[in-house]
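Using this note's numbering, the letters of the sequence shown correspond one by one to residues 85 to 176.
Even glycine gets a Cβ: it sits at the ideal position worked out from N, Cα and C.
Read through the structure below, which is laid out as structure tokens, and then see the notes.
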Amino acid sequence: MEGISLVETSTLETLISEVRGLRDTVLSGKPDRYLSSSDAAAMMGFSEVWICNNKQHIGYSTIGKSIRFKVRDIEAYMEANYFKIQSKRKGK
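As structure tokens, then:
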């Protein structure tokens with residue numbers, strides 16, 4: 085769709101600022117943050133044994149005998165396994 089759109093100056097300036105912030109975030113090239121299995125367990129609220137037994141579902145790297153987990157992989161795993169159930173209570 086072509087045409088001319090009118091946008092208030094303050095709205096346009098806000099949008100430009102937000103796009104610049106996103107651009108800076110994307111271009112910053114921050115490396116992934118890795119956690120040990122004990123730190124991953126603390127983040128997820130599970131035992132370290134559970135983390136090690138389920139590492140193939142979360143995603144992991146090995147460095148020597150050490151296992152490391154990306155923070156974003158842990159967050160993605162938790163989000164993918166999040167279920168919200170709405171209760172159907174009578175009278176409420």
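Report task. For residue 158, collect the residues of the same chain with a Cβ closer than 8 Å to its Cβ; drop the 5 residues on either side in sequence, then sort them by chain order. Result -> 119, 124, 127, 128 and 142
Query raised in the report: Near residue 144, what residues of its chain come up, given a Cβ to Cβ distance below 6 Å and the 5 sequence neighbours on each side ignored?
Result: 151 and 153
Requested in this report: Go to residue 120, then tell me how far its beta strand (DSSP E) extends in each direction, as first and last residue.
Outcome: 118–120
Query raised in the report: Between 156, 173, 93 and 162, which lies nearest to residue 130 when the distance is taken from Cα to Cα?
Result: 162
Query raised in the report: At which residues does the beta strand (DSSP E) containing residue 151 begin and terminate?
Result: 150–154
Query raised in the report: Where does the unbroken alpha helix (DSSP H) through residue 142 begin, and where does it stop?
Result: 139–142
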